[in-house]
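Just so we're aligned: 69 in my numbering is position 72 of the sequence shown, and the numbers increase by one with no gaps anywhere.
All C-beta atoms in this analysis are idealised placements derived from N, C-alpha and C, irrespective of residue type, glycine included.
Since this is a predicted model, take the numbers as computed values, not measurements.
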Amino acid sequence: MTKLYFQVDVPTRNAAQPDRCGLHVFTGAAETETEALRMARETCDAAVAAHAAGSAIPRRRPDGWGARGVRSGWELDWAAATVAVWEHDSTLRTFQTFRAQGAPPSR
-2 MTKLYFQVDV PTRNAAQPDR CGLHVFTGAA ETETEALRMA RETCDAAVAA
48 HAAGSAIPRR RPDGWGARGV RSGWELDWAA ATVAVWEHDS TLRTFQTFRA
98 QGAPPSR
């Protein structure tokens, strides 16, 4: 299967100040939406672990996935994450979008 380039958008909220919220965006190559979500989560977990240990956050991996801007006290809502694939013209179009807890779309 051909790998596509995905964008995973994860809502985030400051635990101490819940009115402060935002969106953390992860990008990289994957074969499916489910794989893209898994890779974004793995990338985030590695960055959070490095940050908590006082180490440098890992740079972008060869497959394009990376996580920058990890902040203490911010919680990511993975259940509300959305996944979209980029079309060939380099603009983001919602080819197929699904919520993390919903059933992945069939291909």
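- Classified as buried, A44 has 16 or more neighbouring CB atoms from the shown chains inside 10 Å of its CB.
- Runs of alpha helix (DSSP H) with 4 or more residues, each lying fully within the segment 24 to 98, are found at 30 to 49, listed in chain order.
- A distance of 8 Å or more separates the beta carbons of G25 and D74.
- Take the alpha-carbon of Q14 and the one of T(-1): they are about 42 Å apart.
- When secondary structure is reduced to three states using DSSP, P15 falls in the coil class, being assigned neither helix nor strand.
- Remark: C-beta atoms of A78 and V5 approach each other more closely than 8 Å.
- Rounded to the nearest whole angstrom, the CA to CA distance from A27 to M36 is 8 Å.
- By the beta-carbon neighbour count (other beta carbons within 10 angstroms, threshold 16), A33 is buried.
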